[in-house]
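Numbering (our numbering), first residue to last: 36 to 810.
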Amino acid sequence: MSIFRRPNAQTAFLFGGLLLISYLVLLLLVAHEGQTRLRGHQDNEVALRVSNYARDMQYFFDNSEAELVSVAEDKALYTFFANRALGMSMAYGLGASLHTLTDLLEECQQFYLKEGEPVFQRIILLDLNGTILADTLPDGPTFATLPLAELYHGGTGTRLWATRVDDQLAIMQLVTVFRNDQPQATLLAEINPEQIRRLLTTQEHGFQASRLELMTPVGPMLAWNSFKEPASADPDNLYERVAVVHTPFEIRGWFESLDNRELFTSNWFIAAISLLAIPVMVGFFYLLRISNNNLVLQTKVSLSRQQQNNLSQQNRLLHQEVAKRQASEQQLAYQASHDILTGLANRLAGQRALDSAIEQARKAGNQVLLMFIDLDNFKHINDTQGHHMGDQLLVHSGRRLSLALAEGCTVARFGGDEFLLIVPACAGREHATQRARSILRLFDAPFHVEGETFYVSTSIGMTLFPDDGSSAKELIQRADAALYRAKERGRNDFSFYDAEINQEVQRRVQLDARLRVAIEQNTLEVHYQPILDLARSRIIGAEALVRWTDALLGPVSPAEFIPLAERNGLIHRLAEQVLSTACAQASRWQAIAPVTVAVNVSSAQFHHCEPLQHSIESALARTGLAPQRLVVEVTESLLLGNHKDLHSTLQGLVDMGIGLAIDDFGTGYSALSYLQQFPFSELKIDRSFLKKVDSDSSDRSLLEAILAMAKALSLNVVAEGIESAEQARFLREHGCQCGQGFLYSPAVPAAEFERLLRADIAGLSGWAHGAETPA
36 MSIFRRPNAQ TAFLFGGLLL ISYLVLLLLV AHEGQTRLRG HQDNEVALRV SNYARDMQYF
96 FDNSEAELVS VAEDKALYTF FANRALGMSM AYGLGASLHT LTDLLEECQQ FYLKEGEPVF
156 QRIILLDLNG TILADTLPDG PTFATLPLAE LYHGGTGTRL WATRVDDQLA IMQLVTVFRN
216 DQPQATLLAE INPEQIRRLL TTQEHGFQAS RLELMTPVGP MLAWNSFKEP ASADPDNLYE
276 RVAVVHTPFE IRGWFESLDN RELFTSNWFI AAISLLAIPV MVGFFYLLRI SNNNLVLQTK
336 VSLSRQQQNN LSQQNRLLHQ EVAKRQASEQ QLAYQASHDI LTGLANRLAG QRALDSAIEQ
396 ARKAGNQVLL MFIDLDNFKH INDTQGHHMG DQLLVHSGRR LSLALAEGCT VARFGGDEFL
456 LIVPACAGRE HATQRARSIL RLFDAPFHVE GETFYVSTSI GMTLFPDDGS SAKELIQRAD
516 AALYRAKERG RNDFSFYDAE INQEVQRRVQ LDARLRVAIE QNTLEVHYQP ILDLARSRII
576 GAEALVRWTD ALLGPVSPAE FIPLAERNGL IHRLAEQVLS TACAQASRWQ AIAPVTVAVN
636 VSSAQFHHCE PLQHSIESAL ARTGLAPQRL VVEVTESLLL GNHKDLHSTL QGLVDMGIGL
696 AIDDFGTGYS ALSYLQQFPF SELKIDRSFL KKVDSDSSDR SLLEAILAMA KALSLNVVAE
756 GIESAEQARF LREHGCQCGQ GFLYSPAVPA AEFERLLRAD IAGLSGWAHG AETPA
């Protein structure tokens, strides 16, 4: 008898039924477990997505804050409030500073972009009392209330603030403007809402319904909504909220659950599998009775495999998105702390590194060295060779400065062609001096950029913590002042900060403000020094010289305020005032005697040749002075450029009948070439050649050679600085036609010059009949 008996139909049916039920139960468990895990994956995905949005918003607000802080620390704002503190009014000088300040705000709004769109759609400068000082959108809506008191006493100096204007949500970034650690005003920048919406929709797609909004204390800003019904209406929708660090905002998001979109992961699918057991059992019974064949439900296995493949695809896409977001976060973090052009630390990162070094030095009792480095003549290269070449020069300079880094040191691009080098542990001034000299040597070698060769030196200003300041702001400001001292000493040099520099900076700021007021109010005076015909001892003209006596500063030397006017762009207005006054005065003197007036023209004015020529023509037409009675004096340094516009401008003046003279001849790069190239009618010998003419044979020989050369070229000669009768006699005997100096008269006001002129005509002057005695 066989041990294994063939089962009958009833046993086979029961056995098959148990297997089918077990299979269905197992399938239900697998489907439920897959749905649970999918829900967990969705929760993680949503949390990660909203967290990424929150970090993006944090980086966005940090970057916009850094940009606004750099504007608040710009020299244009410092100059404006310094001028206002000195009592300057809007009508006299402060308006020009305010115009420069408004240009700065508009430049920030126009050029600070993300994805080609401006980050700020409006920037306002508010006074402490809330008054608008500057506004890039003057016709825009006003803000009823601002948290100014909280801002000025909060300690940080920056705030994010949300409000509603005309039923529209507006997000503002507020930055306090400080001067001497005291709040002066508030920079209020309205964030472009489209930039926020762009950041909050980078991961959203149309195939999955979602809603995202930025929640503020005054209400939400909707960034994205693809739900057809309210997102909160379906309890199965996923919801996540994450606060944006360092801000009063949070990101809120609703996302459609996957089981609301996919049949194979829904509860209806599980219910359908459960009900499927009934028809399967009936079908199995009939099939068993008809054919005694067992059916394998392969369809269910196929559906389960398809579900598994869908889940695997979703997980793969999620991992790719996570990797993409991590790379984006790393790039944003890098851009927030590095200069895009040079790859060095940027201004904000440099200031943070200096703050950190100061804090560590304060605990350890060490010194911190700050070196403020500026490239000499970089603006000239940038203007003549183009911004691309200038950018490449900055990149090469950054690489050289990186060579000077020791362990723990930081080099940062502060802005333009300025760099900061921070040495956390400095052994003192001798150590700092060695480092400065090593950096100067780094720039001895030429730069080779795209086939061009450039020689660029540096100037360095240095400060030490705690000797020169207790904060990063003080150290940077004083290093900048020391840098200015190094440049004044001839550049390619370094300078430490000291109390004398501080006094110089304060005087320079005060002098700049007072000079602007003086030019605005036209309170500078024009004095006139007589020019005599040495052969006849008669006045034939006068040199117009500007003089300034300030109510607070007293008499200020032209050697101090003329270069200042050239640096800050005031020389053009000052020269126009002097030219107009001198021409008007000389025109009145023509009724007494046919005298000429000589006016000095700065080299800076010839950078704009056409406006200069127009200004001279207007002054002559307005005053009625004949062009033959005006002499324009230029310095030798102007002729070194020898460009086409300069030559045509000088020739145009000569064609009008105006005389041209070379001032201070012999002190610069004297050459016969430009005496022949340019249409000069006279040259003026510098006073330095007359000082030793009585005792030094070499000076006497040099003076004789200049006079002989001028005679050969048919040039009239005017000797400056004649102080003795012996000097006048020597000049007269060697063919010098004219002269001026204290022997005859110093520069005097117009009324005193007119008295001298009338006395000279009447033969009553002190030098009449050859008796050269001081007037």
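Where is the CB? At the ideal position from N, CA and C, for every residue including glycine.
Being a predicted model, the structure only gives us computed values, none of them experimental.
Assign residue i to one of three DSSP states: helix, strand, or coil.
i	result
V403	strand
L688	helix
W624	helix
Y274	strand
E485	coil
K719	strand
D409	strand
P173	coil
L428	helix
T658	helix
I697	strand
I757	coil
S245	strand
V106	helix
S347	helix
K398	helix
L53	helix
M92	helix
By the 10 Å Cβ neighbour count, where 16 or more other Cβ atoms means buried, how is residue i classified, buried or exposed?
i	result
Y94	buried
T419	exposed
V85	buried
F50	exposed
I393	buried
K263	exposed
Q640	buried
G496	buried
G694	buried
D452	buried
Y519	buried
L799	exposed
D690	exposed
If I follow the unbroken beta strand (DSSP E) through residue i, where does it start and stop?
i	result
H562	560-568
G130	Not the beta strand (DSSP E): G130 falls in the alpha helix (DSSP H), residues 130-146.
R448	445-450
F500	493-500
P459	453-461
F155	155-162
E668	665-670
Hey, out of the options, whose CA is closest to residue i's CA?
i	options	result
L436	L475, C461, A467	L475
N215	Q366, E141, F116, P255	F116
L249	P265, V561, E264, E229	E229
T171	A516, Q145, N164, K149	Q145
F178	R199, L195, I158, A570	R199
I159	T211, V591, I231	T211
L161	Q208, R233, T558, E152	Q208
R764	D729, G175, A797	D729
Q21	A797, S592, P629, W802	This structure leaves residue 21 out entirely; the chain is present only between 36 and 810.
R233	M92, H682, K398, L438	M92
D109	L405, D795, F413, F449	F449
M123	G604, E356, H607, A553	A553
I286	T558, A794, L748, M256	M256
N98	D699, S723, N381	N381
What residue range is occupied by the uninterrupted alpha helix (DSSP H) comprising residue i?
i	result
T114	110-120
E595	593-602
S733	732-747
Q469	464-477
Q217	That residue, Q217, is in no alpha helix (DSSP H); its beta strand (DSSP E) goes 217-226.
E509	507-523
Cβ of residue i less than 8 Å from any chain C Cβ?
i	result
L273	The structure shown contains no chain C; it holds only a single protein chain.
Quick check: the segment 779-788 against the segment 748-756, are there 3 or more CB pairs under 8 Å?
no
Measuring CB atoms only, is the segment 524-536 touching the segment 235-249, in the sense that at least three cross pairs come out at less than 8 Å?
no
Taking contact to mean 3 or more Cβ pairs, one atom from each stretch, closer than 8 Å, check whether the segment 535-553 and the segment 567-575 are in contact.
no
Tell me whether the segment 740-747 and the segment 523-530 touch, counting them as touching only if at least three CB pairs, one residue from each stretch, are closer than 8 Å.
no
Within the chosen definition, does the segment 569-585 reach the segment 623-636 through at least 3 CB pairs nearer than 8 Å?
Touching, yes, given that three or more Cβ pairs across the two stretches are closer than 8 Å.
State whether the segment 391-410 contacts the segment 481-496, with contact taken as three or more CB pairs (one from each stretch) at a distance under 8 Å.
yes
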